[in-house]
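**Student:** Numbering (my numbering), first residue to last: 7 to 607.
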RNA sequence: GCCGACGUAGCUCAGCGGUAGAGCAGGUGUUUCGUAAACACCAGGCCGAGGGUUCGAAUCCCCCCGUCGGCUCCA
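#1: Hey, residue 572 and residue 549 are a contact pair by Cβ (cut 8 Å); roughly how many whole angstroms apart?
#2: Name the DSSP beta bridge partners of residue 309, please?
#3: My assumption, with CB atoms under 8 Å, is that residue 138 sits in contact with residue 100. Please give the rounded CB distance.
#4: According to DSSP, is residue 15 part of a helix, a strand, or is it coil?
#5: So, helix, strand or coil for residue 43, using DSSP?
#6: Across the stretch 359-371 and the stretch 416-435, are there enough close Cβ pairs to call them in contact, namely three or more that are closer than 8 Å?
#7: Mind pulling the alpha helix (DSSP H) runs of 4 or more residues that sit fully within the stretch 487-520?
#8: With a cut-off of 8 Å, do at least 3 Cβ pairs link the stretch 403-411 to the stretch 469-487?
#9: So what's residue 55 in DSSP terms, helix, strand or just coil?
#10: Is it buried or exposed, residue 346, if we count other Cβ atoms within 10 angstroms and call 16 or more buried?
#11: Suppose the cutoff is 8 Å on Cβ atoms and the five residues either side in sequence are ignored; what does the same chain contact list for residue 3 look like?
#12: Going by alpha carbons, who is nearest to residue 541 out of 494, 507, 577 and 499?
#13: Determine the extent of the beta strand (DSSP E) in which residue 463 is found, giving its start and end residues.
#14: Which residues in the same chain have their Cβ closer than 8 Å to the Cβ of residue 250, if we skip the five residues on either side of it in sequence?
#15: Ignore the nearest five residues each way along the sequence and tell me which others in residue 426's own chain have a CB closer than 7 Å to its CB.
#16: Is it true that the stretch 314-327 meets the stretch 207-215, where meeting means three or more beta-carbon pairs spaced less than 8 Å apart?
#17: Using beta-carbon positions only, say whether residue 303 and residue 339 come within less than 8 Å of one another.
#18: Please report the residue range of the alpha helix (DSSP H) in which residue 395 lies.
#19: Counting C-beta neighbours from all protein chains within 10 Å, is the total for residue 398 16 or more, i.e. buried, or is it exposed?
#20: At the level of alpha carbons, what is the spacing between residue 327 and residue 71?
#21: Return the CA-CA distance between residue 497 and residue 527, expressed in angstroms with no decimal places.
#22: Rank 318, 124 and 90 by C-alpha distance to the C-alpha of residue 29 and give the top, closest one.
#23: Quick one: what's residue 128 bridged to in DSSP?
#24: How is residue 164 classed by DSSP in three states: helix, strand or coil?
#25: Hey, is the stretch 154-173 in contact with the stretch 54-70, meaning 3+ C-beta pairs nearer than 8 Å?
#26: Within the same chain, show all residues whose beta-carbon is closer than 7 Å to that of residue 240, passing over the 5 residues directly before and after it, in chain order.
#27: Considering just the uninterrupted stretch of the beta strand (DSSP E) at residue 221, what are its terminal residues?
#28: Which parts of the stretch 425-449 are runs of the beta strand (DSSP E), unbroken and 3 residues or longer, counting only runs that do not cross its ends?
#29: What do you reckon, are the CB atoms on residue 93 and residue 118 nearer than 8 Å?
#30: Could you name the residues that DSSP lists as bridge partners for residue 536?
#31: Could you tell me if residue 446 is buried or exposed, where buried requires 16 or more neighbouring beta carbons within 10 angstroms of its beta carbon?
#32: Could you round the C-beta distance between residue 257 and residue 561 to whole angstroms and report it? I think they count as a contact, below 8 Å.
#33: Looking at C-alpha atoms only, which residue of 585, 199 and 442 is the closest neighbour of residue 259?
#34: If you count every other CB in all the chains shown that lies within 10 Å of the CB of residue 297, and 16 or more means buried, which is it?
#35: What number of angstroms, rounded off, separates the C-alpha of residue 535 from the C-alpha of residue 563?
#36: Could you pull the DSSP bridge partners for residue 567 from this structure?
Structure below.
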């Protein structure tokens, strides 16, 4: 049974088949658990699920049994037969079968009579549509069991959800399973450990990240690039404290609206202090430290600001969901007449920066006024329009997320899609009608009178933690040269080549190439293997011939062997690849989006 | 927070009432080597924390903490 009524009509053939697979799975479950109670079983992206109330917890072995039973039902090729039943009759029908969730579903829909589908021995409340018969299901596989609240409400019973996937052909199923396996191989938590990028520690606390030297390198490169681009774009960068007195958070409204996400207060000299969950109030204090003329605006204050938020224990996930993270935050204070242009500039900067990291596939959402909001509807409309016009001007298509804005203003959410087609929320641009009011912000207009500035809150990478997590998975740890923690490793073949290896390393380092010498008493093969596993872009093998010729034998992490290259030539090549932030190891021209004329080094 | 699974050496895992194991990583030797793992030896553990059951607990039970898959949440 699928609950999203109006979406039924739009169900694609694939969704229809998956939905039918959910029915077949339900019958199989009923066969194993005659007392099972059924909730809903919709198709989802890549598959389907069905929620059940069962007398005991399912085990992985159960999945195998259910799959087998499903295969039997498929072999029977039983037709899906649609019929209808008057509401009252349907209610008593499901009451007889002890199906309280179905009764609740019927009570929630307006139709009379209601749709009923039967396939083989299984009868379910359902609008359909379905495939003609159970034999028409594509190849399927059950994937996992998980808890899920009835109707997604944490105060209602916890049901057991079985996830499955189904595809038109065996090849597509295999490709999907391969994609899952690839996602696992790319898991940033695993790569983070293997590549020595970061760690978390029980003894310290969940969701708190330690950046190791290599991860630190990576992060520093990103931060340096970020700072450079922001100075170029007319931002001023600031540093502000990580804690503030309760009074500040009272004024900002965080204690009223956000307290459950804040770390508990600490007491100093009888005053309550809170660790910051956001940077905005601090940037506002900087704005307020002087009187501003309309001529000074816009003022753009940026900070790589570390914040701490209480996240419930069950939601933490590697770098993607943490309790302490650094936002690439900025607040723009501007006049109403400047706002559209400012938004446009933010979006333009965002597109440019994301493209430098190789992200060029996005989905953009403009989120409008929710039911609960502050400020004037007219201001909301104007601001929302400004957001839409700015996105239009950039030439990017977007979807409107009706009512999805924050209570304090409309926003643009910008999700990037990674190499595996998964999308990640990173960038956000948000209007704020709330804080300027609460802090009574003003600037002096050309009429000599105080005016309220507009305030825009924006983060492009989102948080460095999450962005790095996404980046690790995007590249499976094989970062573009400009980002790689080590860009080259020099591999002396025998001890007598150590001196020359050091010399090579010095030459590269002098050209600002991040380089390491593998001086271990290991065989060449072992050193190459380790560099390969560390995904170092360039391996420079040096032996007698190279020392003699002033060259290095260049091997790429792709496995390609370029043979002996004069050092100057190699350095020039790598330098230009770094400068253009190319995604290629041999061609400086492979860049995504508009090339930046930036002189990175 | 909720449902379920899981925490054993730095990592990956075996052992599942009777004296803690392997591979890799690490240390020490020997090997000086041309494009993905040389060989030998050594060391390494309060079996996540606390409490219980038992003659005896890594193993069974309870409770914390953490991790994983979901749900809920996500200014």
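Every residue gets a Cβ at the ideal spot worked out from N, C-alpha and C, and that includes glycine.
Note that the structure is predicted; figures quoted are calculated from it, not measured.
**Tutor:** Taking the definition as stated:
#1: In the first chain, the residue the question calls residue 572 occupies position 566. In the first chain, the residue the question calls residue 549 occupies position 543. Actually they are not in contact, since the Cβ atoms of residue 572 and residue 549 sit about 16 Å apart, beyond 8 Å.
#2: Counting from 1 along the first chain, the entry for residue 309 is found at position 303. DSSP lists 335 as partners of residue 309.
#3: Locating residue 138 in the first chain gives position 132, counting from the first residue. Locating residue 100 in the first chain gives position 94, counting from the first residue. Not really, about 25 Å apart at Cβ, beyond 8 Å.
#4: Counting from 1 along the first chain, the entry for residue 15 is found at position 9. With a pLDDT of 47 at residue 15, under the threshold of 50, the predicted position of this residue should be treated as unreliable, and no value is reported.
#5: As a working note, residue 43 is residue 37 in the first chain. Reduced to three states, the DSSP call for residue 43 is strand.
#6: Result yes; three or more Cβ-Cβ pairs closer than 8 Å.
#7: When DSSP assignments are scanned along the stretch 487-520, the uninterrupted stretches of alpha helix (DSSP H) that are 4 or more residues long and fall wholly within it turn out to be 504-516.
#8: No: the two stretches stay apart, fewer than three of their Cβ pairs being nearer than 8 Å.
#9: If you number the first chain from 1, residue 55 lands on position 49. The answer is strand: DSSP assigns residue 55 an E or B state.
#10: To locate residue 346, count along the first chain from 1; it is residue 340. Burial of residue 346 is indicated by the presence of at least 16 other C-beta atoms within 10 angstroms of its C-beta.
#11: This structure cannot speak to residue 3, because the chain is shown only from 7 to 607.
#12: Here residue 541 corresponds to residue number 535 of the first chain, with the count starting at 1. Selected option, being the one with the closest Cα: 494.
#13: In the first chain, the residue the question calls residue 463 occupies position 457. Looking at the DSSP string, the run of the beta strand (DSSP E) that includes residue 463 is 460-469.
#14: In the first chain, the residue the question calls residue 250 occupies position 244. So the list reads 279, 280, 282, 287 and 288, once near-sequence residues are dropped.
#15: What you label residue 426 is simply residue 420 of the first chain in a count that begins at 1. Answer for residue 426: 185, 188 and 189, listed in chain order.
#16: yes
#17: For the purposes of this step, residue 303 is taken as residue 297 along the first chain, with counting starting at 1. For the purposes of this step, residue 339 is taken as residue 333 along the first chain, with counting starting at 1. Yes, these two residues count as a Cβ contact at 8 Å.
#18: Start at 1 with the first residue of the first chain, and residue 395 comes out as number 389. 383-400 is the span of the alpha helix (DSSP H), which, as asked, contains residue 395.
#19: Along the first chain, one-based indexing puts residue 398 at 392. Burial call: exposed.
#20: Counted from its first residue, the first chain places residue 327 at position 321. Counted from its first residue, the first chain places residue 71 at position 65. About 35 Å.
#21: For this step, residue 497 is matched to residue 491 along the first chain. For this step, residue 527 is matched to residue 521 along the first chain. Straight-line Cα distance between these residues: approximately 11 Å.
#22: For the purposes of this step, residue 29 is identified with residue 23 of the first chain, where counting begins at 1. Minimum Cα distance to residue 29 is reached at 124.
#23: As a position in the first chain, residue 128 is number 122, starting the count at 1. 125, per the DSSP bridge assignment.
#24: To locate residue 164, count along the first chain from 1; it is residue 158. DSSP places residue 164 in strand when its eight states are reduced to three.
#25: A contact exists between the stretch 154-173 and the stretch 54-70.
#26: Indexing the first chain from 1 puts residue 240 at position 234. Same-chain partners within the cutoff: 306.
#27: Working through the first chain from its first residue, we reach residue 221 at position 215. Counting along the chain, residue 221 falls outside any beta strand (DSSP E), though it belongs to the alpha helix (DSSP H) covering 219-238.
#28: 429-438
#29: As a first step, residue 93 is located in the first chain; it is residue number 87 there, counting from the start. As a first step, residue 118 is located in the first chain; it is residue number 112 there, counting from the start. Closer than 8 Å, so yes.
#30: Within the first chain, residue 536 is the residue found at index 530, counting from 1. Beta-bridge pairing links residue 536 to no other residue.
#31: Taking the first chain and counting its residues from 1, the one referred to as residue 446 is at position 440. Classification of residue 446: exposed, given that the 10 Å Cβ count is below 16.
#32: Here residue 257 refers to the residue found at position 251 of the first chain. Here residue 561 refers to the residue found at position 555 of the first chain. About 60 Å separates the two Cβ atoms, so there is no contact after all.
#33: In the first chain, counting from the first residue as 1, residue 259 sits at position 253. For the set 585, 199 and 442, the Cα lying nearest the Cα of residue 259 is the one of 442.
#34: Residue numbering aside, residue 297 sits at position 291 when the first chain is read from its first letter. The residue is exposed, with fewer than 16 neighbouring Cβ atoms inside 10 Å.
#35: Start at 1 with the first residue of the first chain, and residue 535 comes out as number 529. Start at 1 with the first residue of the first chain, and residue 563 comes out as number 557. Their Cα atoms are separated by approximately 10 Å.
#36: Numbered from its first residue, the first chain carries residue 567 at position 561. Answer is 561, bridged to residue 567.
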